[in-house]
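K.L.:
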Amino acid sequence: RKIKALHLYDCLRANKATSAWGVEARVPFLDKEFINVAMSIDPEWKMIKRDEGRIEKWILRNAFDDEKKPYLPKHILYRQKEQFSDGVGYSWIDGLKDHANKHVTDAMLA
Numbered sequence: 001r002k003i004k005a006l007h008l009y010d011c012l013r014a015n016k017a018t019s020a021w022g023v024e025a026r027v028p029f030l031d032k033e034f035i036n037v038a039m040s041i042d043p044e045w046k047m048i049k050r051d052e053g054r055i056e057k058w059i060l061r062n063a064f065d066d067e068k069k070p071y072l073p074k075h076i077l078y079r080q081k082e083q084f085s086d087g088v089g090y091s092w093i094d095g096l097k098d099h100a101n102k103h104v105t106d107a108m109l110a
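The sequence shown begins at 1 in the UniProt record's numbering and counts up by one.
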C-alpha cells in the first residue's frame, strides 16, 4: 500500500525539491525487479545488529564492499545513513545554534 502511494508523497516532494534547482532525481530502488528481490530477502537479514557489525542498509553496503576492486571509498560506503530530505547532514544545526547564540540574547526573547 505504501509503495503504491509513494508517487503522491515522497517521490512528488523529491521531484519538486530537485526540479526547483534544475536537478533531476532518480529513484533506482523503486524498480519493480529490485523491489521484488528486496522483499524476498529474509527480514532477519535486514535488521540492524550492531554487535554483529550489521548497520542500516547492511546488505546493500556489503554488496558494494569489494577489497580488491572497491566501488566506493570506505568513508562513503559506511558513512551514516541520511534521509533524502535530510541529506545535508547535521552540521548545519550546530552552525545555526552558534549564529543564534551570537545574535539573539535571552533579553530579546523575554
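Backbone N, C-alpha and C define an ideal beta-carbon position, used for all residues, glycine too. Just so we're clear, the structure is a prediction, and the values are computed from it rather than from any experiment.
If you draw a straight line from the alpha carbon of E82 to that of G95, how long is it in whole angstroms?
P.N.:
Taking the first residue of the sequence shown as position 1, residue 82 is located at position 82. Taking the first residue of the sequence shown as position 1, residue 95 is located at position 95. Each residue's Cα considered, the two are about 19 Å apart.
K.L.:
Could you check whether R61 and L77 sit closer than 8 Å to each other, using their CB atoms as the reference points?
P.N.:
For the purposes of this step, residue 77 is identified with residue 77 of the sequence shown, where counting begins at 1. For the purposes of this step, residue 61 is identified with residue 61 of the sequence shown, where counting begins at 1. Yes.
K.L.:
Measuring CA to CA, which of E67, D51, P70, M47 is closest to I59?
P.N.:
Residue mapping note: residue 59 aligns to position 59 of the sequence shown, counting from 1. Among E67, D51, P70, M47, the Cα nearest to that of I59 is on M47.
K.L.:
Less than 8 Å between the beta carbons of L6 and L30, yes or no?
P.N.:
To locate residue 6, count along the sequence shown from 1; it is residue 6. To locate residue 30, count along the sequence shown from 1; it is residue 30. In this structure, L30 lies closer than 8 Å to L6 by Cβ.
K.L.:
Going by beta carbon distance, what residues of the same chain come within less than 8 Å of I41, once the five residues before and after it are set aside?
P.N.:
For the purposes of this step, residue 41 is taken as the residue at position 41 of the sequence shown. These residues qualify, in order along the chain: I59.
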